[in-house]
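Counting from 1, position 115 in the sequence shown corresponds to residue 139 in the numbering used here; the numbering is continuous, with no gaps.
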Amino acid sequence: MFIQTEDTPNPDTLKFMPGDTVLKTGSVDFSNAESSVSSPLATRLFEIEGVSRVFLSSDFISVTKEAELEWNTLKPSILTGIMEHYSSGFPALNIEADIIEDNSAEDTETIKQIKDLLETRVRPAVAMDGGDISFCSFEAGVVTLQMKGACAGCPSSTATLKMGIENMLRHYIPEVTEVKAADL
């Protein structure tokens, strides 16, 4: 198995691409070891000292390290952990995630437009950077989004939200006045 790695805009996060399916659908963000009990892969990676966050998507794994550690000491252990996981035959996630933000009957036309733009224009771009984004709410002109994976805690995520996503949503949907990150 050859696992490719890519840097992300977040210097504490690397994107690992095993060349095989990670999740059949959706994505899952584990912010600590305790939250990873449903994922044999994430649990294995959190056993590596210095791993602080694991994000699983369809074809990549983003791993965030503690800021004071160096990638050259952690990367070999993470690569080994991923290879051992795939050799084990265990699934990456015991229950598949479902992050497709379907339009529900209660959604207003504005919320449907927001979700559609996020799905078609934003999510592919943030996935290239090792992360994901999901819609939380739209109230009084303010869109609240949750940043995941490499995007969570990334120094440039505020600029991405304000300069990129907010400007795009305001351009296409005049009712949008502001975009902010969810408080987690």
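Backbone N, C-alpha and C define an ideal beta-carbon position, used for all residues, glycine too. These numbers were taken from a predicted model, which means no experiment stands behind them.
Legend entry - Local Cβ density within 10 Å of residue 171, reported as buried at 16 or more and exposed below that: Looking up residue 171 in the sequence shown gives position 147. Burial call: buried.
Inset, instruction - Inspect the CB distances between the segment 160 to 167 and the segment 175 to 184 and report whether three or more fall short of 8 Å. - result: No, they do not touch.
Inset, instruction - Would you mind sorting residue 28 into buried or exposed? The rule is 16 or more other CB atoms within 10 Å of its CB. - result: Looking up residue 28 in the sequence shown gives position 4. By the neighbour-count rule (16 or more Cβ atoms within 10 Å), residue 28 is not buried but exposed.
Inset, instruction - Quick one: which unbroken beta strand (DSSP E) runs of 3-plus residues sit fully inside the segment 80 to 131? Chain order, please. - result: Counting whole runs of 3 or more residues, the segment 80 to 131 contains the beta strand (DSSP E) stretches 85 to 89.
Inset, instruction - In angstroms with no decimal places, state the Cα-to-Cα distance between residue 101 and residue 152. - result: Numbered from its first residue, the sequence shown carries residue 101 at position 77. Numbered from its first residue, the sequence shown carries residue 152 at position 128. Using only the alpha carbons, I get a separation of about 23 Å.
Legend entry - Alpha-carbon to alpha-carbon, residue 173 and residue 207: As a position in the sequence shown, residue 207 is number 183, starting the count at 1. As a position in the sequence shown, residue 173 is number 149, starting the count at 1. Approximately 15 Å between the Cα atoms of the pair.
Legend entry - Whether residue 154 touches residue 37 by CB criterion (8 Å): Taking the first residue of the sequence shown as position 1, residue 154 is located at position 130. Taking the first residue of the sequence shown as position 1, residue 37 is located at position 13. Against a cut-off of 8 Å, the Cβ pair of residue 37 and residue 154 comes out as a contact.
Legend entry - DSSP state of residue 47 mapped onto helix, strand, coil: Numbered from its first residue, the sequence shown carries residue 47 at position 23. Residue 47: coil per DSSP, three-state reduction.
Inset, instruction - Put residue 23 into one of helix, strand or coil per three-state DSSP. - result: Because the chain spans 25 through 208 in this model, residue 23 falls outside it and cannot be assessed.
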